[in-house]
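Reviewing the structure listed below.
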Amino acid sequence: MLERRLLKHLDIWLPLLILLLVAVGLVVIASATRTPLSGLLDLGRWLNPSSWSYIQRQAVWALAGIAAGALSLLFDYRALARWTNVLYGVTLGLLVLVLFVGDKVNNARSWLGMGPFRFQPAEVGKLTLIILLAAVLSRNEEGAGSWRDVLVTLAYLAPPLVLILMQPDLGTALVLLGILVGMLFMAGMPVTRFLVLVVGGLAAGLAAVVSKLYFDAPIPLTQGQIQRLIIFLNPGSDPWGAGYQILQSQYAIGSGRLWGRGLFQGEQIGLRYLPERHTDFVFSVVGEELGFVGATLLLLLIFAALARIFHLAAQAKDAFGFLIASGVGSMLAFHVVVNVGMTIGLMPVTGLPLPFVSYGGSALLTNCLGIGLVLNVHMRRHKLLFGS
């Protein structure tokens, strides 16, 4: 059972911000999945059972995520350091298993079925990597961020990264890289060395894209993924193919102007012009229906949650806890930047959802568990300080 005195130190603001984001997500998903051309007051839309299926499933996953996050508060997060190898091995096992028996969705074999539910082992891999990197980087009492640290962490990162690319799931693979870079920076890597790492990584990525595109190099990326990585530079060059999603998203957001067309009134959404509007492009729904004002308020809410995460991380009393909370913050921040960037045409379309807002059970459950870990670290800061 959770000690009562620990509950006194439980932060209340972060859970409230997350619950508000989940509530906003349910409303936006309801609009994105509504019956074509139906509005808020259309009785037929509300009597249609299929109109509620997405909201019901998301609500169930939200409750499961809240429960999982609450359960994660029951144990001392420092115990995770002793289980990193086990967690890492189980994660690799699941990633191998999904390649053979996983369900294929959108040309990617990324899902394992569990009765009526499916989950993505790659989502588990995000939290496993955060815990593992936190354990590795916190062992150096003089501060991490040396080239040796980079090589060690890359050695741990490589197996799950390759297995995820083999599914293929480029978006999640990029998230793992984002987590690594963010945690190395938060671990104390000097700025110059950090910039060398980032620039070197971008150069290596560009070289991989060019070699695959022009020489069909044997790297775990499909031609379709390569096309999506570069089409954002000029989506108009293929308006009915690879550039279609970006263009429709830009049209939707642009048509919202200042105040938007109104909730449940979006034409791009109602006419089903925008693909993946309830998952990858949920921010486009907000832009069209709630306009610049609504989109800005949503971003401010997300940034408030991220700021709170890093604020709580800064109050951690040990390096392991600090890096766990920072890793969760890095993961969510990477998702936000890439998702919003791709909806407005500034980033490649990589299939990353908007945290707590986009439809998707595995991602929502993972994110809630991550928030639970952040709260766990913050709640036990006084116990570490006073040794009680």
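First residue of the sequence shown: 1, per my numbering; consecutive thereafter.
Ideal Cβ positions, reconstructed from N, Cα and C, are used throughout, including at glycine.
Range covered by the alpha helix (DSSP H) that runs through residue i
| i | result |
| --- | --- |
| Val105 | Val105 -> not in any alpha helix (DSSP H); beta strand (DSSP E) instead, spanning 103 to 105. |
| Phe119 | Per DSSP, Phe119 belongs to no alpha helix (DSSP H); it is in the beta strand (DSSP E), 117 to 119. |
| Trp13 | 13 to 32 |
| Phe281 | Unbroken run through Phe281: none, as it is neither H nor E. |
| Met347 | Here Met347 belongs to no alpha helix (DSSP H), and DSSP marks it neither H nor E. |
| His378 | 361 to 379 |
| Gln245 | 244 to 256 |
Check: residue i C-beta below 7 Å from any heavy atom of the ligand FAD
| i | result |
| --- | --- |
| Phe281 | What this structure holds is no ligand at all, so the ligand FAD is not there to describe. |
Chain B within 8 Å of residue i, Cβ atoms only
| i | result |
| --- | --- |
| Ala363 | You won't find chain B in this structure, because it holds only one protein chain. |
Best match in the options for proximity to residue i [C-alpha to C-alpha]
| i | options | result |
| --- | --- | --- |
| Tyr244 | Val349, Val96, Ala307, Val136 | Val349 |
| Phe334 | Tyr273, Val98, Leu206, Gly351 | Gly351 |
| Thr192 | Ser330, Leu176, Trp147, Ser211 | Trp147 |
| Gly145 | Met186, Ala79, Ala314 | Met186 |
| Gly241 | Ile231, Gln250, Ser249 | Ile231 |
| Lys126 | Arg57, Leu137, Leu95, Asp149 | Leu95 |
| Gly188 | Gly224, Arg139, Thr84 | Arg139 |
| Ser53 | Tyr359, Leu373, Phe75, Thr153 | Tyr359 |
| Asp280 | Gln265, Leu10, Thr343 | Thr343 |
| Val336 | Leu301, Leu369, Val105, Gln250 | Leu301 |
| Leu234 | Ser31, Leu206, Gly345 | Leu is not the amino acid found at residue 234; the sequence shown has Asn there. The shortest Cα separation from Asn234 among Ser31, Leu206, Gly345 belongs to Gly345. |
| Gln338 | Pro159, Ser31, Leu177, Leu63 | What sits at residue 338 in the sequence shown is Val, not Gln. Minimum Cα distance to Val338 is reached at Leu177. |
| Gly327 | Ser255, Leu132, Glu267, Ser249 | Leu132 |
| Glu267 | Lys8, Ala32, Leu7, Trp13 | Ala32 |
| Trp83 | Leu202, Ile29, Leu129, Gln56 | Leu129 |
| Val28 | Pro160, Leu365, Ile55, Ala158 | Ile55 |
| Asn106 | Val150, Asn85, Gln225 | Gln225 |
| Gly260 | Ala295, Leu306, Glu276 | Ala295 |
| Leu258 | Leu297, Val152, Ala64 | Leu297 |
| Asp149 | Pro190, Trp111, Ala252 | Pro190 |
| Glu276 | Ala252, Gly256, Gln227, Gln265 | Ala252 |
| Ala30 | His382, His278, Thr366 | His278 |
| Leu74 | Arg34, Phe117, Leu19, Leu6 | Leu6 |
| Arg34 | Gln265, Pro239, Gly361 | Gln265 |
| Arg57 | Gly361, His382, Arg381, Asn367 | Gly361 |
| Ala81 | Ala68, Val101, Val210, Ala135 | Ala135 |
| Leu14 | Leu306, Thr153, Leu154, Arg381 | Leu306 |
| Leu63 | Asn367, Leu202, Leu137 | Asn367 |
Nearest-angstrom Cβ-Cβ length linking residue i and residue j, presumed shorter than 8 Å
| i | j | result |
| --- | --- | --- |
| Ile371 | Tyr77 | Actually they are not in contact, since the Cβ atoms of Ile371 and Tyr77 sit about 13 Å apart, beyond 8 Å. |
| Val282 | Leu354 | 5 Å |
| Leu247 | Gly236 | 7 Å |
| Leu17 | Ala304 | 6 Å |
| Leu274 | Ser249 | 6 Å |
| Ser72 | Leu369 | 6 Å |
| Leu97 | Arg109 | Leu97 to Arg109, Cβ: 11 Å. No contact. |
| Leu365 | Trp111 | 13 Å between Cβ atoms; not a contact. |
Assess contact between the stretch 13 to 28 and the stretch 82 to 92, defined as three or more Cβ pairs (one per stretch) separated by less than 8 Å. Is contact present?
no
Which ranges would you report for the alpha helix (DSSP H) in the stretch 138 to 184 if only whole runs of at least 4 residues count?
147 to 165
Runs of 4 residues minimum, wholly inside the stretch 189 to 223: which ones carry the alpha helix (DSSP H) assignment?
191 to 215
Per the contact definition of three or more C-beta pairs closer than 8 Å, is the stretch 122 to 139 in contact with the stretch 162 to 181?
Yes: the two stretches touch, three or more of their Cβ pairs being nearer than 8 Å.
Between the stretch 305 to 323 and the stretch 370 to 379, do at least 3 Cβ pairs fall closer than 8 Å?
Counting C-beta pairs closer than 8 Å gives three or more between the stretch 305 to 323 and the stretch 370 to 379, which meets the contact rule.
For the structure I just gave you, are there three or more beta carbon pairs, one from the stretch 302 to 314 and one from the stretch 280 to 290, closer than 8 Å?
With a cut-off of 8 Å on Cβ pairs, the stretch 302 to 314 is not in contact with the stretch 280 to 290, counting fewer than three such pairs.
With a cut-off of 8 Å, do at least 3 Cβ pairs link the stretch 322 to 337 to the stretch 176 to 186?
A contact exists between the stretch 322 to 337 and the stretch 176 to 186.
Counting Cβ pairs closer than 8 Å, one from the stretch 214 to 231 and one from the stretch 151 to 168, do we hit at least three?
Enough Cβ pairs lie closer than 8 Å, so yes.
Runs of alpha helix (DSSP H) wholly within the stretch 291 to 357 (minimum 4 residues, chain order)
For the stretch 291 to 357, the continuous alpha helix (DSSP H) assignments of 4+ residues that do not extend past its boundaries occur at 319 to 343, in sequence order.
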